[in-house]
Amino acid sequence: MTTSKISSRLSRRSVLKGGVALGAAALAAPYYARNAFAASGKVRVLGVTTCALPNWDGFAKDTGLEMDFVAINSDPGLYVQEVVANEAGDDYDIFIFDGGIEDRLGASGHFQVLDPSAMELWGDVSADVKSSPLLQGVDGAQYGAPIVFNADSFGYWVGDVAAADEELSWGMVFENEKMLGKISLEDTWLTTLPNAALYLLGKGAKIGDPSNMTPEEAKMVADFLIERKKAGQFRAFWHSYEESVDMLGNKEVLIEECWEPVVKQLQRDGKDVVYANCKEGYSKWMIGAYLPSQAEGERLEKAYKAIDWFLGGDYGAQIAVNQGYATANPAASLKFATDAGWDADKIGAIEANMAKVERKMALPHYWQNSSPEHVEAIEAEWSRFKQA
Amino acid sequence: MFRPPTQVDPKGHGSFVLIWSFAALLPVVGLVLWSVLSMQNFRLVWEPSLQAYYDVLASGRWEVTVRTLRIAAIVTLIEIVLAVPFALWIAKGTRSIAVRTTCLGLLTIPFFLSLASRTIVWRGILGLNGPLNAVLMHLGIVDQPLDWLLFSEFSVVLGLIGPYFPPMVFPLFLAFALIDDEVLEASKDLGAPPSFTFLHVILPLAMPGLGAGIVFTFVPMIGDPVVPALLGGGNVIVLSASVQSLLRILNYTVAAALSVLMLAILVAIIGAAGALSARMARGRLA
Numbered sequence: 016m017t018t019s020k021i022s023s024r025l026s027r028r029s030v031l032k033g034g035v036a037l038g039a040a041a042l043a044a045p046y047y048a049r050n051a052f053a054a055s056g057k058v059r060v061l062g063v064t065t066c067a068l069p070n071w072d073g074f075a076k077d078t079g080l081e082m083d084f085v086a087i088n089s090d091p092g093l094y095v096q097e098v099v100a101n102e103a104g105d106d107y108d109i110f111i112f113d114g115g116i117e118d119r120l121g122a123s124g125h126f127q128v129l130d131p132s133a134m135e136l137w138g139d140v141s142a143d144v145k146s147s148p149l150l151q152g153v154d155g156a157q158y159g160a161p162i163v164f165n166a167d168s169f170g171y172w173v174g175d176v177a178a179a180d181e182e183l184s185w186g187m188v189f190e191n192e193k194m195l196g197k198i199s200l201e202d203t204w205l206t207t208l209p210n211a212a213l214y215l216l217g218k219g220a221k222i223g224d225p226s227n228m229t230p231e232e233a234k235m236v237a238d239f240l241i242e243r244k245k246a247g248q249f250r251a252f253w254h255s256y257e258e259s260v261d262m263l264g265n266k267e268v269l270i271e272e273c274w275e276p277v278v279k280q281l282q283r284d285g286k287d288v289v290y291a292n293c294k295e296g297y298s299k300w301m302i303g304a305y306l307p308s309q310a311e312g313e314r315l316e317k318a319y320k321a322i323d324w325f326l327g328g329d330y331g332a333q334i335a336v337n338q339g340y341a342t343a344n345p346a347a348s349l350k351f352a353t354d355a356g357w358d359a360d361k362i363g364a365i366e367a368n369m370a371k372v373e374r375k376m377a378l379p380h381y382w383q384n385s386s387p388e389h390v391e392a393i394e395a396e397w398s399r400f401k402q403a
Numbered sequence: 036m037f038r039p040p041t042q043v044d045p046k047g048h049g050s051f052v053l054i055w056s057f058a059a060l061l062p063v064v065g066l067v068l069w070s071v072l073s074m075q076n077f078r079l080v081w082e083p084s085l086q087a088y089y090d091v092l093a094s095g096r097w098e099v100t101v102r103t104l105r106i107a108a109i110v111t112l113i114e115i116v117l118a119v120p121f122a123l124w125i126a127k128g129t130r131s132i133a134v135r136t137t138c139l140g141l142l143t144i145p146f147f148l149s150l151a152s153r154t155i156v157w158r159g160i161l162g163l164n165g166p167l168n169a170v171l172m173h174l175g176i177v178d179q180p181l182d183w184l185l186f187s188e189f190s191v192v193l194g195l196i197g198p199y200f201p202p203m204v205f206p207l208f209l210a211f212a213l214i215d216d217e218v219l220e221a222s223k224d225l226g227a228p229p230s231f232t233f234l235h236v237i238l239p240l241a242m243p244g245l246g247a248g249i250v251f252t253f254v255p256m257i258g259d260p261v262v263p264a265l266l267g268g269g270n271v272i273v274l275s276a277s278v279q280s281l282l283r284i285l286n287y288t289v290a291a292a293l294s295v296l297m298l299a300i301l302v303a304i305i306g307a308a309g310a311l312s313a314r315m316a317r318g319r320l321a
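Residue numbers (my numbering), protein chains in the order written: chain Y, 16 to 403; chain Z, 36 to 321.
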């Protein structure tokens, strides 16, 4: 044997050994980490970015717990994978996700049913909000607690499209001969298909629930959208918040199906855009807090304590001022801000937000459902529209 | 003791093949397997079915494979046209080492910036209210801003040219640089005009470089999610976007079927190209 061969063998073996040691260390790490979490006063939350606060000092002060918020994108596939395949319930005490997912993850035993008596503020949350189908399973079991919600529509340039407070139809977005090529849509079946369905529903189409369409209904809506696409109605589809701000902001489009903070940001930049009041209704969404079935004992106690805080005034006031979204208990938010001596304009923003939420909720609407029964068929119809 | 001429331990060969099989072939086998299984409640179940392939055809998803291949082929052709003269000039045209080093150095700059941030710049330039439309309107070439400049197949192709230029230039440069100057001199001395020398001496000798350049541009472009998403504006759906949309609802089987379809097309293309070049090589020898 040559020397070079010996050395090459040795090095290969030592590399292998090193690899095994590294692998063992990597496997062992989460075990130590998990034990450490259990012992500390930390609440581990896996939640969508929308619900995160810039800092959690108020939470720590009120509950005596430390918030460990791990942000996740608003992507149903992603969190189903986290919960089902990666068994995230072992590592997290609370999940904060877009509602709708509990229909499946509740039934499959990954979420546990909430115990209302474990939360002091549960009774103060209005029954309409608590009973949202985005918090309850198909059997009516209460899996989620409301964290933030809103009713979405579209933004538009005031001078070019319509007056600021005019009540508009979703037809402005989907069937608008004057605005051919001046409209952008969100690139997802989750909002755009039901919004188009809402418009068709207003025109007399037979659609049961826009957010839980049958394959036939989804096909009808996709056919309508394809017809409009061929007419040149849509300029582009946006994929991210920044993109949607950019597209409407620099007048690449004049009307955009978008989130409310997009319009807020453009208004702060001095742009003359507003968020539409809709005739037919809104795309309502809600983000809920869910408990993994693995949480029990001390972990469960901490989790309930944390959810209770989300239902209170501190969290609600911050969300209302920063994002204009609704929370479980708006009256408590107003009281918190007043007691804490917040500026008049911030308190005004909370009051305006309360009025807005009340007006929007009064309209007929549907709840955005991230997990419709026929999701495969709906996504396939969406893909057919995108291909056309 | 038998020793192969390369002095490489045959057992080393064996373990390399083994590792390669696990790293590269196993995922492909998994992909094929997933594409013929069924999904129930977000889980794969052991029920063989061709439903996923039917879904790919029924929803028009197969069109993304055609579109993706078309865009990749167009951009690859453009890269060849741009990169061949450029690489030839760096390798043989300039005698200044400083110029050569600077040019090659400049080509590495794109690798320091993320693809997304390089691509997003085009949005401002090509938009309805961007400088390009402003110039065209100012010059009176058009009286309405051109909307096909952005969010179209045109903008996607344009956006792909920049990032995939260096991977085409580098292998071509290496291949050109390896050609002995004396060969070129000989061709010239024998009275061949530059075009003849290029076609019959340089190009055949640089074929391996061209082949590598095509592989380094065409293949990664097929999976590129960034440029089509940012410049296509949702109007140019390529393979990566379609697969992502499927994975978002955990529809693994259809995503796998779509990928298998693309893989089969690629293997067929590469097989055909290989057969063609083998036949050409035999023709030359005969």
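Even for Gly, the Cβ is constructed at its ideal location relative to N, Cα and C.
It should be emphasised that the depicted structure is a prediction, and the values quoted were computed from it without experimental measurement.
- Annotation for residue 91(Y): the continuous alpha helix (DSSP H) segment containing it runs 91-95.
- Within its own chain, the residues whose Cβ lies closer than 7 Å to the Cβ of residue 226(Y), once the five positions on either side in sequence are excluded, are 209, 381, 382, 383, 384 and 387, listed in chain order.
- Just measuring C-alpha positions, the residue of 201(Z), 145(Z) and 181(Z) sitting nearest residue 162(Z) is 181(Z).
- The C-alpha of residue 233(Y) lies about 20 Å from the C-alpha of residue 199(Y).
- The beta-bridge partner set that DSSP reports for residue 307(Y) consists of 126(Y).
- With a cut-off of 8 Å on Cβ pairs, the region 293-310 of chain Y is in contact with the region 103-114 of chain Y, counting three or more such pairs.
- Residue 91(Y) reaches chain Z at 283, 284 and 285, counting residues in chain order whose Cβ is nearer than 9 Å.
- Residue contact with chain Y for residue 95(Z): present (Cβ-Cβ distance below 7 Å to some residue of chain Y).
- Under the criterion of beta carbons closer than 8 Å, residue 277(Y) and residue 171(Y) do not qualify as touching, at roughly 11 Å.
- Look at residue 228(Y) here: in three-state DSSP terms it is coil, with no helix or strand label.
- Pairing residue 252(Y) with residue 284(Y) gives a Cβ-Cβ distance that is not under 7 Å.
- Per the DSSP secondary-structure output, residue 251(Y) pairs in a beta bridge with 199(Y).
- If you look at residue 172(Y), you'll find it in the beta strand (DSSP E) that goes 169-172.
- A Cβ-Cβ distance of about 5 Å is found for the pair residue 252(Z) and residue 203(Z), placing them in contact under the 8 Å criterion.
- Interface flag for residue 265(Y) against chain Z is set, since a Cβ pair is found closer than 7 Å.
- In the structure shown, residue 266(Y) adopts coil according to DSSP, grouped into three states.
- For residue 86(Y), there is no enclosing alpha helix (DSSP H); the residue is found in the beta strand (DSSP E) stretching over 81-87.
- Three or more beta-carbon pairs separated by less than 8 Å are not found between the region 322-333 of chain Y and the region 239-246 of chain Y, which leaves the two stretches without contact.
- The C-alpha of residue 105(Z) is placed about 38 Å away from the C-alpha of residue 48(Z).
- Considering only beta carbons, the part of the region 175-201 of chain Z lying closer than 8 Å to chain Y consists of 182, 185 and 186, in chain order.
- For residue 113(Y), no alpha helix (DSSP H) run applies; the uninterrupted beta strand (DSSP E) run containing it begins and ends at 109-113, by DSSP.
- If you check each beta-carbon in the region 157-172 of chain Z against every beta-carbon of chain Y, the ones closer than 9 Å belong to 158, 159, 162, 163, 164 and 165.
- Contact with chain Y is found for residue 269(Z), since one of that chain's Cβ atoms lies less than 7 Å from the residue's Cβ.
- Sequence-ordered contacts of the region 373-402 of chain Y with chain Z read 390, 391, 394, 395, 398, 399, 401 and 402 [C-beta pairs closer than 7 Å].
- The region 259-278 of chain Z makes no contact with the region 67-86 of chain Z, as fewer than three CB pairs between them are under 8 Å.
- Secondary structure at residue 341(Y): strand, using DSSP grouped into helix, strand and coil.
- Taking a Cβ-Cβ threshold of 8 Å, the residues of chain Z close to residue 202(Y) are 269, in chain order.
- According to the DSSP assignment, residue 92(Z) belongs to the alpha helix (DSSP H) that extends over 86-93.
- Following the DSSP letters along the chain, one finds residue 62(Y) inside the beta strand (DSSP E) bounded by residues 57-63.
- Counted as a single uninterrupted DSSP element, the beta strand (DSSP E) harbouring residue 290(Y) occupies residues 288-290.
- Taking CB atoms only, residue 237(Y) has no neighbour in chain Z less than 7 Å away.
- When secondary structure is reduced to three states using DSSP, residue 396(Y) falls in the helix class.
- In the DSSP assignment, residue 80(Z) falls within the beta strand (DSSP E) that extends over 78-80.
- Beyond the five residues adjoining it in sequence on each side, residue 280(Z) comes within less than 6 Å, by CB distance, of no other residue in the same chain.
- For the pair of segments examined, the region 203-221 of chain Z was found to touch the region 99-119 of chain Z: the number of CB pairs separated by less than 8 Å reaches three.
- At least one CB of chain Z lies nearer than 7 Å to the CB of residue 196(Y).
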